[in-house]
Every structure is written in structure tokens, then in C-alpha cells.
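Down below is the structure, laid out as C-alpha cells.
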Amino acid sequence: MVPAVALGAVTSAAALILCTARAGAAPLTVTFGVREFAFVLFRKYGIAVEIISMQLLFALVGALYLGRRR
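In my numbering, the protein residues as written are 365 to 434.
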């Protein structure tokens, strides 16, 4: 029970610090369209997107394999 309470306290403190730090910051007014997002995602980070998609596919196949009835 002690590790769970410690983890909860650390998580709560981190969330509190994050919320208070962002409260004083000026809001961003930059618009970022879908076309620009797609360009950055697939041109600059194309290999990373492909690797993550393969990991998700492997996780799905593994979950289906482990969850099947025998």
C-alpha cells in the first residue's frame, strides 16, 4: 500500500506543478492545419510512425492470440 500512496503523491505533485506552470504562460495563437501536421508527421518522422504502427500491430495480434478460447 505504501508504494501506491507514494506513486499517487508523486503523480499529484507533478500534475499540480504542470498546471500551475502553464497558468501563467501566454496562450499560443499559431494555427497548425491538417496538411502541415501530415507533412511533419510523415516526412520528418516517417520511420518512427512506421515502427510504432508495426508495434501496435504486433500488440494487437498478440492480444488476439492470448485472448482466444481453446
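Positions of the beta carbon are idealized from the N, C-alpha and C atoms, including for glycine.
The structure displayed is predicted, hence computed values, not measured ones.
Sub-8 Å separation of residue i and residue j beta-carbons
i: residue 413; j: residue 405; result: yes
Residue interval of the alpha helix (DSSP H) (run including residue i)
i: residue 413; result: 410-431
i: residue 406; result: Note, residue 406: premise wrong, no alpha helix (DSSP H); not H, not E.
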